[in-house]
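The structure under discussion appears below in the form of structure tokens.
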Amino acid sequence: MTLEVSNVATETEADLTFTEVSNTVDFPKLERDLLKWWKDRRVVEQYLIKNDGAEERFSFIDGPITANNPMAVHHAWGRTYKDLFQRYQAMLGKEQRFQNGFDCQGLWVEVEVEKELGLKNKREIEDFGIANFVERCKERVWKYAEVQTEQAIRLGQWMDWDNSYYTMSDENNYTIWHFLKTCHDHGWIYKGHDVMPWCPRCGTGLSEHEIVTEGYQERTHLSVYVALPLGGEDASLLVWTTTPWTLAANVAAAVNPELAYLLVEQKGNLYYVAKDAAKQALKGEYEVVSEVTGADLVGKAYRAPFDSLPANAEVTHRVIPWSDVSSGEGTGIVHIAPGAGKEDFALSKEHDLQVIAPINQFGVYVEGFDWLSDEYVHDVAKRIERELRDQNVLYRSHQYTHRYPVCWRCNTDLVFRLVDEWFINMDGLRDRLMEVTREINWFPAFGKERELDWLTNMDDWMISKKRYWGLALPIWVCDDCEHFEVIGSEIELKERAVEGWDEFEGQTPHRPYIDHVKIECSACGGRSTRTPDVGNPWLDAGIVAMSTLDYRHDRDYWEKWYPADLITESFPGQFRNWFYALLAESTAIADEKPFRNVFTYALMRDEHGEEMHKSKGNAIWFDDAAEEIG
Numbered sequence: 020m021t022l023e024v025s026n027v028a029t030e031t032e033a034d035l036t037f038t039e040v041s042n043t044v045d046f047p048k049l050e051r052d053l054l055k056w057w058k059d060r061r062v063v064e065q066y067l068i069k070n071d072g073a074e075e076r077f078s079f080i081d082g083p084i085t086a087n088n089p090m091a092v093h094h095a096w097g098r099t100y101k102d103l104f105q106r107y108q109a110m111l112g113k114e115q116r117f118q119n120g121f122d123c124q125g126l127w128v129e130v131e132v133e134k135e136l137g138l139k140n141k142r143e144i145e146d147f148g149i150a151n152f153v154e155r156c157k158e159r160v161w162k163y164a165e166v167q168t169e170q171a172i173r174l175g176q177w178m179d180w181d182n183s184y185y186t187m188s189d190e191n192n193y194t195i196w197h198f199l200k201t202c203h204d205h206g207w208i209y210k211g212h213d214v215m216p217w218c219p220r221c222g223t224g225l226s227e228h229e230i231v232t233e234g235y236q237e238r239t240h241l242s243v244y245v246a247l248p249l250g251g252e253d254a255s256l257l258v259w260t261t262t263p264w265t266l267a268a269n270v271a272a273a274v275n276p277e278l279a280y281l282l283v284e285q286k287g288n289l290y291y292v293a294k295d296a297a298k299q300a301l302k303g304e305y306e307v308v309s310e311v312t313g314a315d316l317v318g319k320a321y322r323a324p325f326d327s328l329p330a331n332a333e334v335t336h337r338v339i340p341w342s343d344v345s346s347g348e349g350t351g352i353v354h355i356a357p358g359a360g361k362e363d364f365a366l367s368k369e370h371d372l373q374v375i376a377p378i379n380q381f382g383v384y385v386e387g388f389d390w391l392s393d394e395y396v397h398d399v400a401k402r403i404e405r406e407l408r409d410q411n412v413l414y415r416s417h418q419y420t421h422r423y424p425v426c427w428r429c430n431t432d433l434v435f436r437l438v439d440e441w442f443i444n445m446d447g448l449r450d451r452l453m454e455v456t457r458e459i460n461w462f463p464a465f466g467k468e469r470e471l472d473w474l475t476n477m478d479d480w481m482i483s484k485k486r487y488w489g490l491a492l493p494i495w496v497c498d499d500c501e502h503f504e505v506i507g508s509e510i511e512l513k514e515r516a517v518e519g520w521d522e523f524e525g526q527t528p529h530r531p532y533i534d535h536v537k538i539e540c541s542a543c544g545g546r547s548t549r550t551p552d553v554g555n556p557w558l559d560a561g562i563v564a565m566s567t568l569d570y571r572h573d574r575d576y577w578e579k580w581y582p583a584d585l586i587t588e589s590f591p592g593q594f595r596n597w598f599y600a601l602l603a604e605s606t607a608i609a610d611e612k613p614f615r616n617v618f619t620y621a622l623m624r625d626e627h628g629e630e631m632h633k634s635k636g637n638a639i640w641f642d643d644a645a646e647e648i649g
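All the letters of the sequence shown, read from the start, carry residue numbers 20 to 649 under our numbering.
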């Protein structure tokens with residue numbers, strides 16, 4: 020065999036000729052040269068369309084990155100996975116959609132804009148003007164979407180960067196309206212009066228989904244052991260709390276009817292405490308006077324340290340049974356404040372307890388609490404300790420370190436506050452969601468059990484936020500009879516509008532312009548006003564299997580690409596967030612799984628083994644890494 024080599028190279032062959040590479044490589048320069056080579060030869064453009072019209076298809080839906088800051092290396096890691104899977108499928112000759120996504124709405128953006136403007140709370144936002152604030156939020160999103168696009172191009176991710184989707188788009192928002200209308204038609208939307216985790220700085224509630232994974236941090240708080248004198252006998256209940264501020268709203272004390280309790284004498288004082296908790300709760304020598312069961316204590320009346328406050332004038336304190344009380348920590352007797360604790364509020368319904376709601380949206384005590392009124396909830400622990408000592412009911416106090424819920428955006432300690440919020444009753448969807456979850460291939464396989472565990476135990480989905488930049492919840496409430504209705508589209512809103520359409524027309528469906536529109540109440544004929552709440556931001560990302568595939572306007576196109584063959588994001592948070600939202604919204608609308616396969620990967624860690632988060636300050640910025648190592 021003779022091998023002939025032409026002395027004349029074609030232009031294409033010359034382009035592919037390898038040049039000598041130095042042993043001391045400048046990787047960032049080499050990378051820029053390669054990017055230029057791709058661009059000059061339109062390599063990416065040709066790649067994106069080379070399989071158009073192919074018989075086989077591969078449908079990938081990108082989980083949107085929040086367009087709020089530049090990328091960090093952990094974002095680049097996730098994007099590399101996505102690019103890898105799509106390139107492999109392109110090599111197999113399959114037609115694809117190469118659509119990147121940007122998450123745009125919610126507290127992620129609001130908090131950063133507040134910092135830019137020097138605004139400290141919601142009052143200052145409203146003084147600045149909601150319209151101005153919302154416009155600044157939009158500007159920040161556009162700015163960082165452009166930054167992240169350039170970074171992803173530098174990373175080498177091949178996507179149709181002129182066709183990215185944005186969760187703040189009209190289509191995305193109106194498709195969520197369609198989802199919520201569907202839920203309302205099934206009777207799943209309701210306004211709930213409940214105690215919820217609340218950020219006093221941001222002035223909004225947080226759903227269970229938002230705090231269950233990354234919402235807890237190690238915190239050290241003042242904890243107090245307090246004596247509650249019983250009526251009619253010379254003894255006190257001994258309770259323990261890590262939230263002294265809630266004592267001002269105490270209405271009951273809970274015991275486990277099945278547990279053994281001791282009446283002990285110490286320094287002339289008599290205390291009731293759980294038998295198995297006595298050694299850890301009591302300090303110093305004590306003598307056991309008698310032993311009773313929790314059932315023997317149920318119904319006893321007692322005095323609380325803040326009975327003199329006007330807000331507590333009508334409160335009658337008593338001991339109630341609660342099987343969840345344990346002796347593993349504290350005293351085995353639990354102080355109950357229904358207006359400041361979720362389980363406490365549930366107990367108030369069961370035992371017909373009074374509910375005292377002590378704080379407003381800013382975490383400040385309301386009127387009726389005397390010297391506490393107008394005080395910030397996180398500033399009063401020491402003053403309450405002094406008050407307890409002055410009343411001679413403080414048994415002891417100490418600093419206590421524990422995992423405590425914090426705001427995932429601003430890092431403020433959360434409080435639990437009695438509020439009105441909008442919810443989706445998930446019992447109507449739960450069983451079907453679990454069926455759909457079992458139909459999906461999860462990689463690694465343990466993901467399926469994690470998702471099923473979440474679906475089994477999840478509470479109803481709180482979908483409202485008392486904020487400004489986000490989905491305008493399409494819920495209109497009658498000013499007269501309080502009947503509420505859910506609007507399912509912009510067309511329906513225009514048809515139903517009786518006031519304010521001119522102010523809204525031509526605007527995006529955001530506050531404050533959408534707030535001008537009123538409709539006629541279908542129940543009484545009165546005027547209905549939109550609830551001022553915006554939506555939980557996970558509604559935004561959860562609808563993209565519908566909105567990006569044009570479900571509302573081109574059902575054939577949607578059916579061509581739905582369900583997705585693959586999605587991929589990190590765990591553990593996305594099991595309860597994006598995966599859950601995708602499953603819930605798509606199943607409610609289409610009664611079918613939104614994706615066939617999901618690949619999950621662990622969060623990137625730093626040199627100390629800690630998960631990387633920008634909020635922790637241990638993330639490595641993408642630009643820094645790229646400039647140093649390419």
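Just so it is clear, CB atoms sit at the ideal spot from N, CA and C, and this is done for glycine as well.
- Assigned with DSSP and collapsed to three states, H529 falls in coil, not helix or strand.
- In the three-state reduction of the DSSP assignment, S188 falls in the coil class, being assigned neither a helical nor a strand state.
- F523 carries a helical assignment under DSSP once its states are collapsed to helix, strand and coil.
- Secondary structure of T587 (DSSP, three-state): strand.
- In terms of Cβ geometry, Q170 and D642 form a close pair [threshold 9 Å].
- Rounded to the nearest whole angstrom, the CA to CA distance from V166 to W180 is 12 Å.
- Annotated three-state conformation of A273 is strand, per DSSP.
- By the Cβ test, the stretch 237-257 is not in contact with the stretch 497-513, since fewer than three Cβ pairs between them sit closer than 8 Å.
- Taking C-alpha positions only, V44 is separated from L174 by approximately 18 Å.
- The shortest CA-to-CA distance from K286 to any of W177, N637, A254, W427 is the one to A254.
- Here R457 is not near T475, since their CB atoms are 9 Å or more apart.
- Within the same chain, and ignoring the five residues on either side of R238 in sequence, the residues whose Cβ sits closer than 8 Å to its Cβ are T420, H421, R422, Y423, V425, D432.
- For N555, the number of other beta carbons within 10 angstroms of its own is at least 16, and it is reported as buried.
- Taking a cut-off of 8 Å on C-beta distances, the stretch 568-577 does not touch the stretch 132-142, as fewer than three cross pairs fall below it.
- In the three-state scheme derived from DSSP, where H, G and I count as helix and E and B as strand, K612 is classed as coil.
- Taking R469 as the centre and dropping the five residues before and after it, the same chain places the C-beta of F590, P591, F594 closer than 8 Å to its C-beta, in chain order.
- Nearest to F381 by C-alpha distance, out of Q176, W441, E514, C218, is C218.
- For C221, the secondary structure class from DSSP, reduced to helix, strand or coil, is coil.
- Inter-segment contact for the stretch 335-342 and the stretch 266-282 is present: three or more beta-carbon pairs are separated by less than 8 Å.
- Between the stretch 200-211 and the stretch 153-166 there are fewer than three inter-stretch CB-CB distances shorter than 8 Å, so the stretches are not counted as touching.
- By alpha-carbon distance to L391, the top candidate from L328, G358, R415 is L328.
- Looking from the CA of L558, the closest CA among P493, D610, M215, G112 belongs to P493.
- Pairing L266 with V243 gives a Cβ-Cβ distance under 9 Å.
- If you check the CB distance, P263 and A400 come in under 9 Å.
- Check the Cα spacing between I84 and each of R116, V536, V128: the tightest is with V128.
- Under DSSP, C497 takes part in a beta bridge, and its partners are S547.
- Nearest in C-alpha terms to A560, of all of L54, M90, G120, H94, is G120.
- Going by beta carbons, R76 and K579 fall inside the 9 Å limit.
- Counting C-beta pairs closer than 8 Å gives three or more between the stretch 203-222 and the stretch 370-390, which meets the contact rule.
- Proximity to N444 across T606, Y620, H205 peaks at H205, based on C-alpha coordinates.
- Contact fails between the stretch 110-117 and the stretch 633-647, because fewer than three Cβ pairs, one in each stretch, are under 8 Å apart.
- The DSSP-derived three-state label of A279 is strand.
- Counted as a single uninterrupted DSSP element, the beta strand (DSSP E) harbouring H417 occupies residues 413-424.
- The residues Y244, A246, Y290, Y291, V292, A300, T350, I352, Y414, in chain order, have a CB closer than 7 Å to that of L257 in the same chain once the five nearest residues on each side in sequence are set aside.
- Shown here, S78 sits in coil according to DSSP, grouped into three states, outside any helix or strand.
- DSSP places M453 in the helix class (H, G or I) of the three-state scheme.
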